[in-house]
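Note sheet for the following structure.
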RNA sequence: GUGGUUGUAGCUCAGUUGGUUAGAGCACCAGAUUGUGAUUCUGGGGGUCGUGGGUUCGAGCCCCAUCAUCCACCCCA
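In this note's numbering, the protein residues as written are 2 to 454.
What follows is the structure in structure tokens.
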């Protein structure tokens, strides 16, 4: 047996990390609950055909597929061989694999709604916090197993939902202390209108992929890319005019209205943006007309959250409105809108900016020193009384040197130690020491629990 | 999927043009001293140099493969 190791792009989380992650999870969960969302969990794996074709060609390639069992059974051997040959041609085949690890939370949610729409109360607001898997090459801020926190509302076209979701973003990031996040908003209808006036609706994907890169590669490169995607110079000119729109949210809305004259599709999108932006003035939301987002099921509002500029990290959240997500599963006319938090990236950003509160890593509150046989047994009984009052404590396991016991407390980030030696035992007292302050006091054993609450 | 970086003790890293038994600091363990984490002193355990091949009289060092890592592209959270 060689040295044990982990699969590429996966991680163990040590207790420190788990505590910090839980701080993020509980913050998000509490806010979701505050806005009336209900929890949902779905399996780690889905049927492959539930997932395939929902994330584009690139997405399909990144889905972790699970090999069928029983391929070694002689009576399956011809099927297995056939399936294998298809795999060599780059096609996945149910003969070889018919299940896969989930790639995001939205599609499994859509599958759930399609299966249960008869029982659900609409509008249905659910939140979901679960790991997802992508067969991507790992790098900074990118893992093969990571956790998403999604909140979606289905069965409602009200823009109040969009306003709720913007407020959720603001509330969560404020509570996490991540004040410099940037929430961007755009509308797919505007992008669709842009495609219509500069080439045709079929260019939507090509155009969005190109303009999405504006911030990263600059206007000249975007022009190059657009011409490579077979757009004419006059078409590119229109797009450049669009991309040149700047200013405050209000100014952008004015300019874009002028640009599109009376284009019906654009006007719809503009009205929606206007509505949302005018009602979310407390959440520092920015209209970003270059925001496109890759997932092609979005049809209206789109959101993206960027990490503070001081850290090298792209998107830490995103979402949008979709008209007909469940139609893919045979249930039409259920509209929805949702957002997602990328916990792993939020963790990395918060860690880098040292935004975690000091006390997230406190587990045990008090360590009782072990000062000998009789002393420690008395300490043990005292400790149990504290536990009844919900104070987490532990007794050092043997009567070791003092400095060793101190080190243990320090490493476990235990804020208090209690020392009961022979003197204290005789007097019914104990020494309570606050390790952070380095201060200690001798107190009556009877008042110990009050001091620690 | 494409390109590059790195891999030596628990941690951070040395290790010369290839040359005896692979080192340091910190950490750890034991002991001396001490009713309060220090300092000091003495002793100790630990590494198949990521893994597998190859070249060589000889490989931590050179070559190939592989795994992992980090980074960039693509795409994305």
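No residue lacks a Cβ here, since even glycine has one placed at the ideal position from N, Cα and C.
Original post:
DSSP state of residue 335, grouped into three classes?
Top reply: coil
**OP:** Flag this pair as touching only if the region 55-65 and the region 96-114 have three or more C-beta atom pairs under 8 Å; answer yes or no.
**Re:** yes
**OP:** May I ask you to list the residues that DSSP assigns as paired with residue 149?
**Re:** Answer by DSSP bridge pairing, in chain order: 131 and 343.
**OP:** Using three-state DSSP, classify residue 79 as helix, strand or coil.
**Re:** helix
**OP:** Note down the Cα distance separating residue 262 from residue 358, rounded to an integer number of angstroms.
**Re:** 51 Å
Original post:
Alpha carbon to alpha carbon, what distance is there between residue 223 and residue 213?
Top reply: 9 Å
Original post:
Are residue 189 and residue 303 closer than 7 Å when you measure CB to CB?
Top reply: yes
Original post:
What residue does the alpha helix (DSSP H) around residue 434 start on, and which one ends it?
Top reply: Segment 430-435 is the beta strand (DSSP E) holding residue 434; no alpha helix (DSSP H) there.
**OP:** Go ahead and label residue 50 buried or exposed: buried means 16 or more other beta carbons lie within 10 angstroms of its beta carbon, across all protein chains shown.
**Re:** exposed
Original post:
If we ignore side chains and look at the alpha-carbon of each, how far apart do residue 210 and residue 295 end up?
Top reply: 7 Å
**OP:** Report the residue ranges of all beta strand (DSSP E) runs contained in full by the region 256-291; include only those spanning at least 3 residues, in chain order.
**Re:** Listed in chain order, the complete beta strand (DSSP E) runs (minimum 3 residues) inside the region 256-291 are 286-288.
Subject >> Residue nearest to residue 63 in terms of C-alpha spacing, selected from 134, 87 and 42 >> reply: 134
Original post:
For residue 166, which residues of its own chain have a beta-carbon under 6 Å away from its beta-carbon, when the five flanking residues on both sides are left out?
Top reply: 340
Subject >> Sequence-distant residues of its chain with Cβ nearer than 7 Å to residue 431 (five each side left out) >> reply: 419, 420, 421, 425, 444, 446 and 449
Original post:
Where residue 99 and residue 139 are concerned, what is the direct C-alpha to C-alpha distance, given to the nearest angstrom?
Top reply: Between residue 99 and residue 139, the C-alpha separation is close to 25 Å.
Subject >> Burial state of residue 199, where buried means 16 or more other Cβ atoms lie within 10 Å >> reply: Buried, because 16 or more other Cβ atoms sit within 10 Å of the Cβ of residue 199.
Original post:
Along the chain, where does the beta strand (DSSP E) that runs through residue 68 open and close?
Top reply: 66-68
**OP:** State the start and end residues of the unbroken alpha helix (DSSP H) segment that holds residue 181.
**Re:** Here residue 181 belongs to no alpha helix (DSSP H), and DSSP marks it neither H nor E.
Original post:
Would you say the region 235-254 touches the region 269-280, given that touching needs at least three Cβ pairs under 8 Å?
Top reply: yes
**OP:** Taking only the alpha-carbon atoms, compute the straight-line gap between residue 376 and residue 413 and give it to the nearest angstrom.
**Re:** 23 Å
**OP:** Return the CA-CA distance between residue 527 and residue 255, expressed in angstroms with no decimal places.
**Re:** Any answer about residue 527 is impossible in this case: the structure gives the chain only from 2 up to 454.
Subject >> Nearest-angstrom Cβ-Cβ length linking residue 147 and residue 129, presumed shorter than 8 Å >> reply: The pair is not a contact, with the Cβ atoms about 14 Å apart (cut-off 8 Å).
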